[in-house]
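K.L.:
Protein chains in written order, with numbering that gives the first Met the number 0: chain B, 0 to 251; chain H, 0 to 251; chain F, 0 to 251; chain Z, 0 to 251; chain U, 0 to 251; chain V, 0 to 251; chain A, 0 to 251; chain E, 0 to 251. Each residue gets a CB set at the ideal place from its N, CA and C atoms; glycine is no exception. For clarity, every value in this text was computed on a predicted model and none was experimentally measured.
There are 8 protein chains.
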Amino acid sequence: MGILEIMELLEGVKAGDITVADAAEHLKSLPYEDIGFANIDHHRALRQGFAEVIFCQGKQPGQIAQIAQRLAAAGENVLATRADEAAYGAVKALLPGAVYHRDARIIELVCAQVPKKGCVAVVSAGTADIPVAEEAAVTAEACGCNVSRVYDVGVAGIHRLFAKLDKIKGAQCVIVVAGMEGALASVIGGLIERPCIAVPTSIGYGASFGGLSALLAMLNSCAAGVAVVNIDNGFGAAVMAAKIVRLAAGGE
Amino acid sequence: MGILEIMELLEGVKAGDITVADAAEHLKSLPYEDIGFANIDHHRALRQGFAEVIFCQGKQPGQIAQIAQRLAAAGENVLATRADEAAYGAVKALLPGAVYHRDARIIELVCAQVPKKGCVAVVSAGTADIPVAEEAAVTAEACGCNVSRVYDVGVAGIHRLFAKLDKIKGAQCVIVVAGMEGALASVIGGLIERPCIAVPTSIGYGASFGGLSALLAMLNSCAAGVAVVNIDNGFGAAVMAAKIVRLAAGGE
Amino acid sequence: MGILEIMELLEGVKAGDITVADAAEHLKSLPYEDIGFANIDHHRALRQGFAEVIFCQGKQPGQIAQIAQRLAAAGENVLATRADEAAYGAVKALLPGAVYHRDARIIELVCAQVPKKGCVAVVSAGTADIPVAEEAAVTAEACGCNVSRVYDVGVAGIHRLFAKLDKIKGAQCVIVVAGMEGALASVIGGLIERPCIAVPTSIGYGASFGGLSALLAMLNSCAAGVAVVNIDNGFGAAVMAAKIVRLAAGGE
Amino acid sequence: MGILEIMELLEGVKAGDITVADAAEHLKSLPYEDIGFANIDHHRALRQGFAEVIFCQGKQPGQIAQIAQRLAAAGENVLATRADEAAYGAVKALLPGAVYHRDARIIELVCAQVPKKGCVAVVSAGTADIPVAEEAAVTAEACGCNVSRVYDVGVAGIHRLFAKLDKIKGAQCVIVVAGMEGALASVIGGLIERPCIAVPTSIGYGASFGGLSALLAMLNSCAAGVAVVNIDNGFGAAVMAAKIVRLAAGGE
Amino acid sequence: MGILEIMELLEGVKAGDITVADAAEHLKSLPYEDIGFANIDHHRALRQGFAEVIFCQGKQPGQIAQIAQRLAAAGENVLATRADEAAYGAVKALLPGAVYHRDARIIELVCAQVPKKGCVAVVSAGTADIPVAEEAAVTAEACGCNVSRVYDVGVAGIHRLFAKLDKIKGAQCVIVVAGMEGALASVIGGLIERPCIAVPTSIGYGASFGGLSALLAMLNSCAAGVAVVNIDNGFGAAVMAAKIVRLAAGGE
Amino acid sequence: MGILEIMELLEGVKAGDITVADAAEHLKSLPYEDIGFANIDHHRALRQGFAEVIFCQGKQPGQIAQIAQRLAAAGENVLATRADEAAYGAVKALLPGAVYHRDARIIELVCAQVPKKGCVAVVSAGTADIPVAEEAAVTAEACGCNVSRVYDVGVAGIHRLFAKLDKIKGAQCVIVVAGMEGALASVIGGLIERPCIAVPTSIGYGASFGGLSALLAMLNSCAAGVAVVNIDNGFGAAVMAAKIVRLAAGGE
Amino acid sequence: MGILEIMELLEGVKAGDITVADAAEHLKSLPYEDIGFANIDHHRALRQGFAEVIFCQGKQPGQIAQIAQRLAAAGENVLATRADEAAYGAVKALLPGAVYHRDARIIELVCAQVPKKGCVAVVSAGTADIPVAEEAAVTAEACGCNVSRVYDVGVAGIHRLFAKLDKIKGAQCVIVVAGMEGALASVIGGLIERPCIAVPTSIGYGASFGGLSALLAMLNSCAAGVAVVNIDNGFGAAVMAAKIVRLAAGGE
Amino acid sequence: MGILEIMELLEGVKAGDITVADAAEHLKSLPYEDIGFANIDHHRALRQGFAEVIFCQGKQPGQIAQIAQRLAAAGENVLATRADEAAYGAVKALLPGAVYHRDARIIELVCAQVPKKGCVAVVSAGTADIPVAEEAAVTAEACGCNVSRVYDVGVAGIHRLFAKLDKIKGAQCVIVVAGMEGALASVIGGLIERPCIAVPTSIGYGASFGGLSALLAMLNSCAAGVAVVNIDNGFGAAVMAAKIVRLAAGGE
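In structure tokens form, the structure reads like this:
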């Protein structure tokens, strides 16, 4: 319910079409229901290219397909993360236009094209980090950003990184995806001017403790201007990056 | 702002005293301001015997004294936890009626007596746990509960506990305070019918890791009906217990 | 053995039917056997609607079925938690009246209806938390409580929570089930007057560390009057809640 | 060495003033010395209003004062974080114009005013979090941002937050500072459209484990678009926020 | 090389059959080879009833069977712990006399009966702890001890424990096996005079963290005279207990 | 209350001197009071040479002195662990016969000499471990054991250990005290036949994490027959060792 | 790009074939591309006998085979670690000369024999540590070292170690592989003069926490001159050892 | 006892001066005493320039001075690490020639100059890491190595590192000292051919957890050929490095 509906209600009270008691009852629950919030949600859909994201981990293929169908029926773009082949099969059966970004483990159905603005660079340390990097890249694209992919430039061979530095510097926000010791975030954070979002990955073994090593390293980065999201959370980094890029694009 | 004020506003709209635009503006921000929330706070004060508790740790004596004075000026009972002698000195200078519960590290000023209802038993394992136990006991009393203190009945000499079991069973809610291995919570949880709130303490050394040992033990209690609060959080346990006892007292 | 049996034994000694030596031998082991304890157990059964709960995790379907059959043969209500389909199949074969609460992973067989008293609200943050929430809800119902289910009201869209606040406030005790950052417990703890029991869940990934994140958050809740149970322990929360509600119901 | 110097060298080769061997030797070590890097540093100073920040923790007052003097002598703005009274005394003696932001524990000396652009909101949960919040706020101001301070709006009394929501939404980037369970980051992250940077603080006791509780909660935030910095790192959050706001201001 | 061989060597020197240089060279490396150590091993076999124990976890059935066969060929008793059905099948094929203690997950082949001396009590908290308890019990028997099994006497129903206290006190050493909160070790440690060895088990879920909860609780036991072995290490506890009981039996 | 008193009561019932109701009431509370438990405590005093040990950490010198005086007045030997100079001063003022074992941080007052039986070896890795080793040694002596001290034989210079092996093997129970990597426990556990109790110490820095490193190493010892007590718990190890040695001495 | 190419470029400038602007542009990006770095890589291949190692964990057999084929096509030796049978099958199909070191889980294809220099001793504590030890041994051989294998000499039977000490001392660098309590590293570190590299393994259970126990023990080794690599990282230890041995061999 | 004494004993047997039985008894305990081990220690002193290092942490100034005096009296070089001013005062009073390396917290007394061979580079990330770096540098010099110090080249400004790369590559072994995220070790490990020893420091705050962050990062380094020592263990790294450099120097 938006401000127009509130005013309509008040006009009804003024005109005597609605009793004060009925209006009071309606208004009492108002803030808890939807003033503005639903509007915000609609705004979000318009700007980001999707209304609600389906996190597939732990959901049945059938459930995922039904949610996707409901969103598509409402004319909204669909984005389903952490999706496996089975989930894609179920969605595809109901929504033949759905696309599966295999590396990113994302199912996408575009109902309304989102015009691209600005640029996010997604940089990854090793090839094993690519699924998380692709989750970030595909999500950022779905949110209306151009994406520069710079993969496999880990610090063990730092010349590879320098060769790609111009490409990285060309973006308005940089997402750095790295497992093991996560040093890449500090190195890039020290080389660029733009905001840098670090995504630790669970890649590694032994004392990487499922990504803890990279997470702690990134939190302790000696480069200022680096912020961190959860282990393997490429999606969250991309949403953050898209918010930054939209600000830069001056659209709002 | 309550329902009466909303109706008054609507009557104003109906009567033409307030424009629709003004009323809409007012209503839009309504939920974010104060409907009911402030009222709830006043209710809390009436029922619990204190409005706001001062957590002294990390505050200067002077700051504590000023907050206490402001609360007392409003006619509210004052409770200041984790208070040391210096804090008490500062409060005492401004509020001569303030009392210092030394064992509990609590400063209290009673402006309006709260009638006592129901009973909370506070049980502690060792003498070193007494500061936390007293924090719980004094807080529960300040919240309007009678308190049965049963101290130094740790499981290493379990006959001491059995000798006090009737006293413990006489309460409507039991707070168990224990450090080290925290076994007392499980033993009592298995012996009584009433809700049991476990407070791990930081008492111990070495592999007690500052109370982690007792905390984990209590969370894993094999006795159903045991819930746990933060390490050394006697205050929180007492507030929970007081809520339970008030329910039992039927006052609400 | 209850007080009546003790008196009968003493009458036998007085009458000379039992020798002092025999009676002494019998009495010596008495407290370690069953005075009162068994009575307590019987009382528990009458009040809670079940005598002993079967924790199925790690047990074979055949074992579960046999325990269930033994309880049912004694006329007691049966509650088996963490049960999978195989366990239900085995129980169903022996006890055709058994019902499987699939979402809750609970098998139930009601031999004697328990009259419902009072109300527990079970609130969950996300859809993935529902199995734990249902474990709590079904258990609370089996213990004789009415249950208000309020699901999927996580803090990321806090208006959903406010829309259900009246329903939550109508309960005498609130169980809050949340994974990931577990913030819902603090938000609800700050909004309600009633005791609040927080259940962290293992839902999440990466730095949720199997529920540790939600557990720590709930233990550190800035809202007083929140107590916590083990990760995923919907059952334990419900037993605690039922004890509180029974107190409130004044039945004891 | 910048591009002009490289060209000068090449002109020398072309003119025969420098032998190919000498030039090759010079160029070989070039990238490891300073091409562009120093320039970048100069750019940073111009844009951010400070060249290098002094992290005082673990440094002697005399050392801090000397570094500050050297920076000031170069005409650069000085910012010294985690500074105590003794450090301020030492700096003040050499640089009488230095100002001490006591709450923020920051010493500042402005040599060249930085024009303010855009706005960062700094939101804190409790009064104990204010030192970290002020470190963020003063740093953001030094970086050329306007700052909206919204303090003491923790989730235990969530109406306080809603009353300030418009102020928070007015900023282009929001820094959320919270200890204990850190729930405020998730609540705000779910209410606003803008990028949100969460700063866990070490405020708390027991199972807060020096800020670990808030850190994990923020990393696991169910609200997308929240990124996290190190515990108590108000400075780092502000640098990140300033980078975002400058992007939004379109200055670059 | 034993003392006899050393003397033989010396006789050779005395007789002039071996040069001093050769003997010196031989003696120099002596301690690194086998003086006494092998003898010690033989002594161990005679007293404990087994020479070397096969820890099956991570070994192939075929490997286990071959080691068992080699030991049996040497006339030694065989004990293989953490053995599954497949391992038993492989051993049985080569050594038809081998017995499989299914609950204990132990394969045993007795070549020479060991006379039983003294008594170890093995006490467990829950039925799920029985595999570890049986590993302890069967190992203790193989080491020549009588074993009293007292199972399912966890502290949630402490009367069950008291009913068995005489049986427990009759032993010279008590092994306490418990998971979850591990409180049973402290309760028994406070009730008995004899040495008590606590075995934490990995039984539990959530915040039991694979046995960490019970382990920490047992290490922090408020009862003096309790020592702890690794999580699930029933074998190690039994070897320790057997050493104690043999001392008590005065056989050495 | 012992068996004689129960029989006396029954005789009273038989004779009609005590009504059945009175006797029943008396018997009902029996187990929770003191059957045997107090007796056990008296037995403990007689055998161990001390009744109750004062753990001084966290207690005021005055409190310690008063407890010591009360124990001495009852004719019991006094042992106060973790005592500093101030505590000793306070005790000495009241009990001039008290002795301070400075290295062990133990105050002792012998009222009744305990005859020494058997032998405990206390072995320590480094000189920094001596306070914990001495706590064990002095406690074991107070419990009536002879003690062989073997200090500074850490594995970094393993020949020092071999030179003392006979002395170690001469004891009936060995206490191994080591910090850092705690390897000494495994090496000794593999060399001796007797029960071995390992005491990790908090000696070390960095990744020793306050003794965690040594604790984990000792729990994972590859030598069977090693059990572990809490970090720095020399007292607990000595009580365990004394129980073992008394068993071996055949006195009971 | 090497120094020759730089000189060629400069000659072009001198000769007027290349404009200063073009050369400047080319040189500006130079360091970020490949000066020296590629050369270094070629040097590495010549010296170590392999150019790039394939870490198979998490890669598909097909991917592994393709990378191997590409390396072989370039005439480089191939080393693929953490390879299972499926990976070997895929590689073998493309490169029939490939050999599978089953115990080491390494696939190797030798295109150019590397002459062996110096000697590395690989010492392991238990048979379960052999896969990691073999990963180290085979890698060291592939790097051009001779390898002395000394397996199953854990400290629980320390005489086995002493019997092999001469063999260990004969090497220029010693790799110690151990799980559980990891004590072997300290014992060997104290006995030898040469650099010692410790590899903790994930062998163990319970409180070994996946190798954490051995890792911490090794980091806290009381023997100076011991350095540690990641849990199970036999490969990394071997590369470090090979670098040391090559230094000793004086080849560089 | 050395080889000469063994031969003397054997001559005695040959000559009939010593009985075979006496000689056998003497020889039996031989290996446990001192064959060779003491010799090894003497070799160590000759080669490394010091016999035994005094770790001052936790020792009294007086104790330190006495040990130093005893070593000096034996003509050995003295090295005392983790020494504060008070310790130096005490040593200086007894040994006026002692020098205090303030930054390194090391007291040194050179009795016999050790000729320098080879070179170790000590590289540190930040100025706060210098005490640990100096501990490494001074120790390496005392062990007879030349040392190249390269300080304050952390990855946040990676051009500083490249400017010093030649200096680093000139060493035969590189020690990398870094706190916070410890990324420097990976970057250097990827740039150099020589063995690299990483020393994590406890520099940092919040989620650095006392050096854990840097430690885990270094253990997970993506650069092969990096080994790690304990947090802040500059001494241990230097001993390891000196062993490597001596090997390279070909002196042994």
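How big is the Cα-Cα spacing for residue 129 of chain A and residue 103 of chain A?
P.N.:
Mapped onto the seventh sequence, residue 129 of chain A falls at position 130. Mapped onto the seventh sequence, residue 103 of chain A falls at position 104. Between residue 129 of chain A and residue 103 of chain A, the C-alpha separation is close to 8 Å.
K.L.:
Going by the CB atoms, is the gap between residue 155 of chain E and residue 200 of chain E shorter than 9 Å?
P.N.:
On the eighth sequence, residue 200 of chain E is found 201 positions in, with the first residue counted as 1. On the eighth sequence, residue 155 of chain E is found 156 positions in, with the first residue counted as 1. No, Cβ-Cβ distance for residue 200 of chain E and residue 155 of chain E is not below 9 Å.
K.L.:
Assuming residue 188 of chain B contacts residue 220 of chain B (C-beta within less than 8 Å), just tell me the rounded distance between them.
P.N.:
Here residue 188 of chain B corresponds to residue number 189 of the first sequence, with the count starting at 1. Here residue 220 of chain B corresponds to residue number 221 of the first sequence, with the count starting at 1. With 8 Å as the limit, residue 188 of chain B and residue 220 of chain B qualify as a contact, their Cβ atoms being about 6 Å apart.
K.L.:
Bridge partners of residue 80 of chain V, per DSSP?
P.N.:
Taking the sixth sequence and counting its residues from 1, one reaches residue 80 of chain V at position 81. In the DSSP output, where bridge partners are listed per residue, residue 80 of chain V has V/54.
K.L.:
Please report the distance separating the alpha-carbon of residue 13 of chain Z from that of residue 163 of chain E.
P.N.:
Position 14 of the fourth sequence holds residue 13 of chain Z. Position 164 of the eighth sequence holds residue 163 of chain E. Residue 13 of chain Z and residue 163 of chain E: Cα-Cα distance of roughly 30 Å.
K.L.:
Tell me where the alpha helix (DSSP H) around residue 157 of chain B begins and ends.
P.N.:
Taking the first residue of the first sequence as position 1, residue 157 of chain B is located at position 158. Counting along the chain, the alpha helix (DSSP H) containing residue 157 of chain B begins and ends at 157 to 162.
K.L.:
State the start and end residues of the unbroken alpha helix (DSSP H) segment that holds residue 70 of chain E.
P.N.:
Here the question's residue 70 of chain E lines up with position 71 in the eighth sequence. From DSSP, the alpha helix (DSSP H) with residue 70 of chain E extends over 60 to 72.
K.L.:
With burial defined as no fewer than 16 other Cβ atoms inside 10 Å of the residue's Cβ, what is the status of residue 95 of chain E: buried or exposed?
P.N.:
Translated into positions along the eighth sequence, residue 95 of chain E becomes position 96. The residue in question, residue 95 of chain E, is exposed, as its Cβ has fewer than 16 Cβ neighbours within 10 Å.
K.L.:
Below 6 Å CB to CB, which residues in the same chain sit around residue 247 of chain U once its five sequence neighbours on both sides are set aside?
P.N.:
In the fifth sequence, counting from the first residue as 1, residue 247 of chain U sits at position 248. 117, 171, listed in sequence order.
K.L.:
Would residue 194 of chain U and residue 243 of chain U qualify as a contact pair, given that the criterion is a beta-carbon distance under 9 Å?
P.N.:
Here residue 194 of chain U refers to the residue found at position 195 when the fifth sequence is read from its first residue. Here residue 243 of chain U refers to the residue found at position 244 when the fifth sequence is read from its first residue. Yes, they are a contact pair.
K.L.:
Going by DSSP, which residues form a beta bridge with residue 195 of chain F?
P.N.:
As a working note, residue 195 of chain F is residue 196 in the third sequence. According to DSSP, residue 195 of chain F bridges with F/173, F/225.
K.L.:
Short of 7 Å in beta carbon distance, which residues of its chain neighbour residue 191 of chain A, apart from the five on each side in sequence? Order them along the chain.
P.N.:
Here residue 191 of chain A refers to the residue found at position 192 of the seventh sequence. Correct list, in chain order: 167, 168, 173.
K.L.:
Give me the chain A residues within the contact set of residue 157 of chain V, using Cβ-Cβ distance strictly less than 7 Å, ordered along the chain.
P.N.:
Sequence index remark: in the sixth sequence, residue 157 of chain V carries index 158 (1-based). Simply 186, 189, 190.
K.L.:
May I have the straight-line CA-CA distance separating residue 204 of chain F from residue 207 of chain Z, to the nearest angstrom?
P.N.:
Within the third sequence, residue 204 of chain F is the residue found at index 205, counting from 1. Within the fourth sequence, residue 207 of chain Z is the residue found at index 208, counting from 1. If I take the Cα positions, the gap works out to 20 Å.
K.L.:
Assign residue 121 of chain V to one of three DSSP states: helix, strand, or coil.
P.N.:
For the purposes of this step, residue 121 of chain V is taken as residue 122 along the sixth sequence, with counting starting at 1. Correct three-state label for residue 121 of chain V: strand.
K.L.:
Below 8 Å on the Cβ atoms is my guess for residue 124 of chain V versus residue 178 of chain V; work out the distance and round it to an integer in Å.
P.N.:
Reading the sixth sequence from its first residue, position 125 is the one you call residue 124 of chain V. Reading the sixth sequence from its first residue, position 179 is the one you call residue 178 of chain V. That belief holds up - the Cβ atoms of residue 124 of chain V and residue 178 of chain V are roughly 7 Å apart, short of 8 Å.
K.L.:
Using a Cβ-Cβ distance cut-off of 9 Å, determine whether residue 70 of chain F contacts chain U.
P.N.:
Taking the third sequence and counting its residues from 1, one reaches residue 70 of chain F at position 71. So, not an interface residue.
K.L.:
DSSP three-state label for residue 148 of chain F, please.
P.N.:
The residue you call residue 148 of chain F lines up with position 149 of the third sequence. DSSP places residue 148 of chain F in strand when its eight states are reduced to three.
K.L.:
Taking the C-alpha atoms as reference points, what is the distance between residue 70 of chain Z and residue 63 of chain H?
P.N.:
Residue 70 of chain Z sits at position 71 when you count from the first residue of the fourth sequence. Residue 63 of chain H sits at position 64 when you count from the first residue of the second sequence. Each residue's alpha carbon lies about 40 Å from the other.
K.L.:
Any beta-carbon of chain A closer than 9 Å to the one on residue 226 of chain V?
P.N.:
Reading the sixth sequence from its first residue, position 227 is the one you call residue 226 of chain V. No, its Cβ sits nowhere closer than 9 Å to a Cβ of chain A.
K.L.:
What's the gap between the Cα of residue 53 of chain A and the Cα of residue 161 of chain B?
P.N.:
Residue 53 of chain A sits at position 54 when you count from the first residue of the seventh sequence. Residue 161 of chain B sits at position 162 when you count from the first residue of the first sequence. So the two alpha carbons sit approximately 23 Å from each other.
K.L.:
Quick check on the DSSP output: the alpha helix (DSSP H) that includes residue 134 of chain H runs from which residue to which?
P.N.:
As a first step, residue 134 of chain H is located in the second sequence; it is residue number 135 there, counting from the start. Element bounds for residue 134 of chain H: 129 to 141.
K.L.:
Name the chain V residues whose beta carbon is nearer than 7 Å to that of residue 9 of chain F?
P.N.:
In the third sequence, counting from the first residue as 1, residue 9 of chain F sits at position 10. Simply 12, 19, 22, 23.
K.L.:
What residues in the segment 197 to 210 of chain F have a beta carbon less than 8 Å from any beta carbon of chain Z?
P.N.:
Residues passing the 8 Å Cβ filter: 203, 205, 206, 207, 208.
K.L.:
Cα separation between residue 120 of chain B and residue 89 of chain U?
P.N.:
The residue given as residue 120 of chain B occupies position 121 in the first sequence. The residue given as residue 89 of chain U occupies position 90 in the fifth sequence. If I take the Cα positions, the gap works out to 58 Å.
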